[in-house]
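Protein chains in written order, with the numbering used here: chain L, 170 to 528; chain B, 27 to 243.
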Amino acid sequence: MGRPSRQNCGSCHFYGGGGDAVKHGDLDSSLVKPAKNLDVHMGTLESGGQNFTCSRCHTTRNHHIAGRIYDKPAALERKSLLQDDLGDKIMCESCHGMQPHKSGGMDSKLNDHVDKVACQSCHIAEFARSQPTKMSWDWSVAGQLRDGKAKVKGPDGKAVFVKKKGAFVWEQNVVPEYYWFDGTLDYVTVEDPIDPTGEVWLNRPNGSYDDPFSRIMPFKVHRGKTPYDKVNKVMVIPHLFPRNKEDKDAYWKSFDWQKAIKSGMKYAGQKYSGEYGFVDTAYVFPTTHMVAPREKALDCAQCHTKDGRLENLEGFYMPGRDSVELINAAGWTGVIGALVAVFIHGVMRFVAGLRRKED
Amino acid sequence: MSEHKMKKIYLYSKFERFWHWVQSVLIILLLVTGFEVHGSFELLGFMKAVDIHNTIGLTWLILFVFIVFWMFVTHEYKQYIPTTKKLFEVAMYYSSGIFKGEPHPVQKSKNAKHNPMQRLTYLGLTAVLLPFQMVTGLLYWAYNDWADWGLGFLDLEVLALLHLIGGFAILIFLIVHVYMTTTGHTITAHIAAMFSGWEEVPEEETVPDWERKAERH
Numbered sequence: 170m171g172r173p174s175r176q177n178c179g180s181c182h183f184y185g186g187g188g189d190a191v192k193h194g195d196l197d198s199s200l201v202k203p204a205k206n207l208d209v210h211m212g213t214l215e216s217g218g219q220n221f222t223c224s225r226c227h228t229t230r231n232h233h234i235a236g237r238i239y240d241k242p243a244a245l246e247r248k249s250l251l252q253d254d255l256g257d258k259i260m261c262e263s264c265h266g267m268q269p270h271k272s273g274g275m276d277s278k279l280n281d282h283v284d285k286v287a288c289q290s291c292h293i294a295e296f297a298r299s300q301p302t303k304m305s306w307d308w309s310v311a312g313q314l315r316d317g318k319a320k321v322k323g324p325d326g327k328a329v330f331v332k333k334k335g336a337f338v339w340e341q342n343v344v345p346e347y348y349w350f351d352g353t354l355d356y357v358t359v360e361d362p363i364d365p366t367g368e369v370w371l372n373r374p375n376g377s378y379d380d381p382f383s384r385i386m387p388f389k390v391h392r393g394k395t396p397y398d399k400v401n402k403v404m405v406i407p408h409l410f411p412r413n414k415e416d417k418d419a420y421w422k423s424f425d426w427q428k429a430i431k432s433g434m435k436y437a438g439q440k441y442s443g444e445y446g447f448v449d450t451a452y453v454f455p456t457t458h459m460v461a462p463r464e465k466a467l468d469c470a471q472c473h474t475k476d477g478r479l480e481n482l483e484g485f486y487m488p489g490r491d492s493v494e495l496i497n498a499a500g501w502t503g504v505i506g507a508l509v510a511v512f513i514h515g516v517m518r519f520v521a522g523l524r525r526k527e528d
Numbered sequence: 027m028s029e030h031k032m033k034k035i036y037l038y039s040k041f042e043r044f045w046h047w048v049q050s051v052l053i054i055l056l057l058v059t060g061f062e063v064h065g066s067f068e069l070l071g072f073m074k075a076v077d078i079h080n081t082i083g084l085t086w087l088i089l090f091v092f093i094v095f096w097m098f099v100t101h102e103y104k105q106y107i108p109t110t111k112k113l114f115e116v117a118m119y120y121s122s123g124i125f126k127g128e129p130h131p132v133q134k135s136k137n138a139k140h141n142p143m144q145r146l147t148y149l150g151l152t153a154v155l156l157p158f159q160m161v162t163g164l165l166y167w168a169y170n171d172w173a174d175w176g177l178g179f180l181d182l183e184v185l186a187l188l189h190l191i192g193g194f195a196i197l198i199f200l201i202v203h204v205y206m207t208t209t210g211h212t213i214t215a216h217i218a219a220m221f222s223g224w225e226e227v228p229e230e231e232t233v234p235d236w237e238r239k240a241e242r243h
């Protein structure tokens, strides 16, 4: 008997989605023995880290494991969660408190940000820093061969094409996308109508600037081309794994989407029109592991600038990013006007002075 | 330029010169860092610009308390009481007379440092524009405490834009102000006076009673 090692937890959680680093950009086999640079908490003692195991944060009580920030609202109250350390939720604040930075000067300004910005947003500047993670999965090219092969590997050894699954895109050192997040995600189920004319968000972070419980959170957004019902405008459930050797309906047996979807939808008790297509989809994963050392945290100007990391977040004014062009235009017109006016006045004085001397 | 016989008078006391020049440095640094925070250009980096802007803003606030205190104990605030007398003549001088070499319609004296146009300008600056920038700046700085202070109704965008408009106004003032220093009997005469305290004025000029600051009791 012993405490669970990282390897124990990781043998499932590092390989989610069918392989190492597929599902999560912040959770893969490199966390078995990471350097401090990769994870300031789990980093080995030799590299200056804290050598945390998973269960150092994911504590348990009555077989209930703390974590899963999207299980329920992450934090309903802006309070120190020290008293909740053994509860269901574990957040950065559980240990670091509500004033995680030093006080005084600009450090106090950093503390001021905790009401709207999740710690992860600045302290996980990029994810998939050790090995690439899967960022895109195109089901529409599955069932064929690419260059006569059923499997093609990319330069980093990760498969970029598999006949059974389609084409993949892997990326390393990825800049996250940022969204307001209250700790809950909205999911599209097979019963929810979709709009196939645009990207379908299979899940979407809930939250907004106006909600005091929402904060800006970094996400890995996994994109794909996924089969859907063109007439009923819903996502479909294809039957992938063959039940046995004779199961001709399974996609991974006969590579026939029509049969696979018909069979899968029937099994799930859902209507299927008989017409399928592929739609662009997106799926978000909150990024919370692989916290970098403080020196690697974001600078102010990564967000407080035009075209910065938060350029797409709306509903609030952010210094350095936002402005009203009319005021800028009027202001600079006034400044240039003043400069031109004094210049002309000065030239006229000079010329008039010369003329008086001549007289 | 002028054929008047000149005499030197001591116009600006040590404290006035001190606050004028300190304030000028603070204002220029505030303009530079302020416009960087606004995103107009990149110079020091956002964090440094914010840090310096905050520090200088608070420093200026302390200096301003001393300036206002000084004005009232010395009764120098009376130099800022606005008047329309000769205002038109002064405006005419700068728009036409100055090109013809005419004398300034209002001469400086101990009890009338400012001509009517300066009175209006400096009153507007000292009593309206600078306090406006200080109040909006202080509120901007205290953004995170609005709810605690019962100011939750404030809107950061509106406040930031008001502060920006004030900044533009000060920048425009600065341009015209610096240019106007060159309109003395020599280009650098007024600037020199603001360093030494001694201003050269025409000898025979007398100051009308209405311009005099009321005598102290």
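Cβ atoms here follow ideal geometry from the backbone N, Cα and C, with glycine treated the same way.
- Among the CB atoms of chain B, one or more fall inside 8 angstroms of the CB of L:His473.
- One finds Ile201 in chain B with Cβ atoms closer than 7 angstroms to the Cβ of L:Leu508, taken in chain order.
- For L:Ala461, the number of other beta carbons within 10 angstroms of its own is at least 16, and it is reported as buried.
- Excluding its 5 nearest sequence neighbours in each direction, L:Val310 has C-beta neighbours in its own chain below 7 angstroms: Gly335, Ala336, listed in chain order.
- For the segment 488-518 of chain L, residues whose beta-carbon sits nearer than 9 angstroms to a beta-carbon of chain B comprise Pro488, Gly489, Arg490, Asp491, Ser492, Val493, Ile496, Asn497, Ala499, Gly500, Trp501, Gly503, Val504, Gly506, Ala507, Leu508, Ala510, Val511, Phe512, His514, Gly515, Met517, Arg518.
- For L:Val359, the three-state secondary structure derived from DSSP is coil.
- Shown here, L:Glu415 sits in coil according to DSSP, grouped into three states, outside any helix or strand.
- By the neighbour-count criterion, in which 16 or more other beta carbons inside 10 Å mark a residue as buried, L:Glu527 falls on the exposed side.
- The shortest CA-to-CA distance from B:Phe114 to any of B:Gly127, B:Ile107, B:Leu146 is the one to B:Leu146.
- Interface flag for L:Gly376 against chain B is unset, since no Cβ pair is found closer than 8 angstroms.
- Take the alpha-carbon of L:Pro301 and the one of L:Ala190: they are about 7 angstroms apart.
- For the segment 255-274 of chain L, residues whose beta-carbon sits nearer than 8 angstroms to a beta-carbon of chain B comprise Gly274.
- Under the 8 angstroms Cβ criterion, the segment 413-425 of chain L does not count as touching the segment 315-331 of chain L, having fewer than three qualifying pairs.
- If you compare the alpha carbons of B:Ile107, B:Gly127, B:Tyr169 with that of L:Asn280, the shortest gap goes to B:Tyr169.
- Contact between the segment 511-526 of chain L and the segment 119-135 of chain B is established, with three or more Cβ pairs separated by less than 8 angstroms.
- In this structure, B:Gly71 and L:Ala470 form a Cβ contact; the two beta carbons are roughly 6 angstroms apart against a cut-off of 8 angstroms.
- Taking the C-beta atoms as reference points, L:Pro365 is found nearer than 8 angstroms to L:Lys402.
- Spatial neighbours of L:Glu340 in its own chain (CB-CB distance under 7 angstroms, excluding positions within 5 residues in sequence) are listed in chain order as Ala297, Pro301, Thr302, Met304.
- The segment 425-432 of chain L and the segment 372-391 of chain L do not touch, with fewer than three beta-carbon pairs separated by less than 8 angstroms.
- Nearest Cα to B:Trp175 within the set B:Val184, B:Leu182, B:Leu165, B:Glu183: B:Leu165.
- When secondary structure is reduced to three states using DSSP, L:Ile234 falls in the strand class.
- Under the three-state reduction of DSSP output, L:Asp364 falls in the coil class, being neither helix nor strand.
- Annotation: the segment 186-222 of chain B contains the following complete segments of the alpha helix (DSSP H) (minimum length 4 residues), in chain order: 215-222.
- Residues of the segment 151-176 of chain B with a Cβ closer than 7 angstroms to any Cβ of chain L, in chain order: Asn170.
- Shown in chain order are the members of the segment 457-471 of chain L whose Cβ falls below 8 angstroms from a Cβ of chain B: Asp468, Cys469, Ala470.
- Assigned with DSSP and collapsed to three states, L:Asp276 falls in helix.
- Relative to the Cα of L:Pro362, the nearest Cα in the group L:Gly393, L:Phe454, L:Tyr397 belongs to L:Tyr397.
- Within chain B, the residues Ile124, Phe125, Lys126, Gly127 have their CB atoms less than 9 angstroms from the CB of L:Ala521, given in chain order.
- Proximity to L:Val369 across L:Tyr452, L:Gln313, L:Pro407 peaks at L:Tyr452, based on C-alpha coordinates.
- Within 7 angstroms of the CB of L:Arg525, the CB atoms of chain B belong to Gly127, in sequence order along the chain.
- Counting along the chain, B:Ile124 sits inside no alpha helix (DSSP H), nor does DSSP assign it H or E at all.
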